[in-house]
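Residue numbers are given in the UniProt record's numbering: position 40 of the sequence shown equals residue 40, and the series is strictly consecutive. Even for Gly, the Cβ is constructed at its ideal location relative to N, Cα and C. These numbers come from a predicted model, not from an experiment. What follows is a single structure, written as structure tokens, with notes after it.
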Amino acid sequence: MYQAAFLFIIFLVFRVITGAFLFAKWRETKKQNLLLLVIFFFMNALTLLFLVFGNLMLYDVNTIITMIIGLVFIDRTFYQDRKSPFKLLLALTLVLGALTVVSFIIFERSIIFEQNISFLLHNIFVGADFAIFGLWSFIAATSSLKSFSSSDAVEPWVKGRYRLVKFYSICVIIVGSLTLFTPIEGTVNWALLVILVANILRIAGETLAWIMPNFLKKYLNRGYTFIGIINELSEEEIMEGMR
1 MYQAAFLFII
11 FLVFRVITGA
21 FLFAKWRETK
31 KQNLLLLVIF
41 FFMNALTLLF
51 LVFGNLMLYD
61 VNTIITMIIG
71 LVFIDRTFYQ
81 DRKSPFKLLL
91 ALTLVLGALT
101 VVSFIIFERS
111 IIFEQNISFL
121 LHNIFVGADF
131 AIFGLWSFIA
141 ATSSLKSFSS
151 SDAVEPWVKG
161 RYRLVKFYSI
171 CVIIVGSLTL
181 FTPIEGTVNW
191 ALLVILVANI
201 LRIAGETLAW
211 IMPNFLKKYL
221 NRGYTFIGII
231 NELSEEEIME
241 GMR
């Protein structure tokens, strides 16, 4: 239990650091979609805080809200002025979120046999929310990367960022898919261990993607020849070009 809480606190710290870094960037750019990403990371940190203190109801509610903010970020960043499945995915997330809360309430008030059923349903609903968010994040990043992957005006480190987004999106999908197999609190099985590894990789991917250190940028840019200020695209222009 204490080991798990320690890991959650580490995850929380990384989320706060990432959120604070992005907040500083937002103050410079005032980009609305960047502010959404800031809120997403801080809400993620708050979700983990509820997990540390064992308040699973607030954890579920905050997770749902965080997923919704994440969906809005993807829509505003990658699909502005373009058709997207945002409304459908938002509706699914809200329905699954409501079912998650209801199944948890039933779980807390049920006898052992009914607890097993309600806990399984709870895990299916919350896992589906994770999978929906991760899958759409992966599709959006893949589509955007494909649109500028052959462009010499985009620096390799920027392309690397979107590869990292794809990577941690896969980790989110894995977490969501395996939530179904997690046992009732107090026991550990293979699914929990895989989810733990996936979450560690996810946190690492998110941190590197949004707070990419200069040495990594230089490494990814090795052999890259700048083609001039006029033709070179800034990351903000790339984000605009995705819309």
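{"Check": "Reduced DSSP category for Q80 - H, G, I as helix; E, B as strand; rest coil", "Outcome": "coil"}
{"Check": "Own chain partners of F41 with C-beta closer than 7 Å, once the 5 adjacent residues on each side are dropped", "Outcome": "R15, T18, G19 and L22"}
{"Check": "Touch test, the segment 132 to 144 against the segment 77 to 96, Cβ-Cβ under 8 Å, three pairs minimum", "Outcome": "yes"}
{"Check": "Alpha-carbon spacing of Q80 relative to V175, whole angstroms", "Outcome": "28 Å"}
{"Check": "Outcome for V38 when other beta-carbon atoms lying within 10 angstroms are tallied against a minimum of 16", "Outcome": "buried"}
{"Check": "Contacting residues, own chain, Cβ-Cβ under 7 Å from R76 (five flanking each side not counted)", "Outcome": "Q32, N33 and L36"}
{"Check": "Helix, strand or coil at G54 according to DSSP, with G and I counted as helix", "Outcome": "coil"}
{"Check": "Candidates R202, Y59 and P156: closest to R222 by CA position", "Outcome": "P156"}
{"Check": "Other residues of its chain near V101: CB distance less than 7 Å, five sequence neighbours each side excluded", "Outcome": "D60 and V61"}
{"Check": "Best match in K146, W190, Y162 and Y168 for proximity to L178 [C-alpha to C-alpha]", "Outcome": "W190"}
{"Check": "Selected residue, minimal CA-CA separation from F53, among S118, L201 and L12", "Outcome": "L12"}
{"Check": "Three-state secondary structure assigned by DSSP to Y224", "Outcome": "coil"}
{"Check": "Span of the alpha helix (DSSP H) around E95", "Outcome": "The sequence shown places Val at residue 95, not Glu. F86 to E108 is the span of the alpha helix (DSSP H), which, as asked, contains V95."}
{"Check": "Coarse secondary structure for R243, derived from DSSP in three states", "Outcome": "Unreliable placement is indicated for R243, whose pLDDT of 37 sits below 50; the coordinate value is still reported in the next sentence. In the structure shown, R243 sits in coil (DSSP, three-state: anything other than H, G, I, E or B)."}
{"Check": "Cβ separation of M212 and R161, assumed to be a contact under 8 Å, to the nearest whole Å", "Outcome": "6 Å"}
{"Check": "Residue 253: first and last residue of the uninterrupted alpha helix (DSSP H) it sits in", "Outcome": "No information on residue 253 is available, as it lies outside the stretch 1 to 243 that the chain covers here."}
{"Check": "Beta-carbon contacts of E236 that lie in its chain and below 8 Å, excluding the five residues immediately before and after", "Outcome": "For E236, the pLDDT reaches just 49, beneath the cut-off of 50, and the residue's location in the model is therefore unreliable, although a value from the coordinates is still provided. Excluding residues within five positions, the ones whose Cβ falls inside 8 Å are T29 and K31."}
{"Check": "Outcome for F107 when other beta-carbon atoms lying within 10 angstroms are tallied against a minimum of 16", "Outcome": "buried"}
{"Check": "Range of the contiguous alpha helix (DSSP H) that encloses I173", "Outcome": "P156 to L178"}
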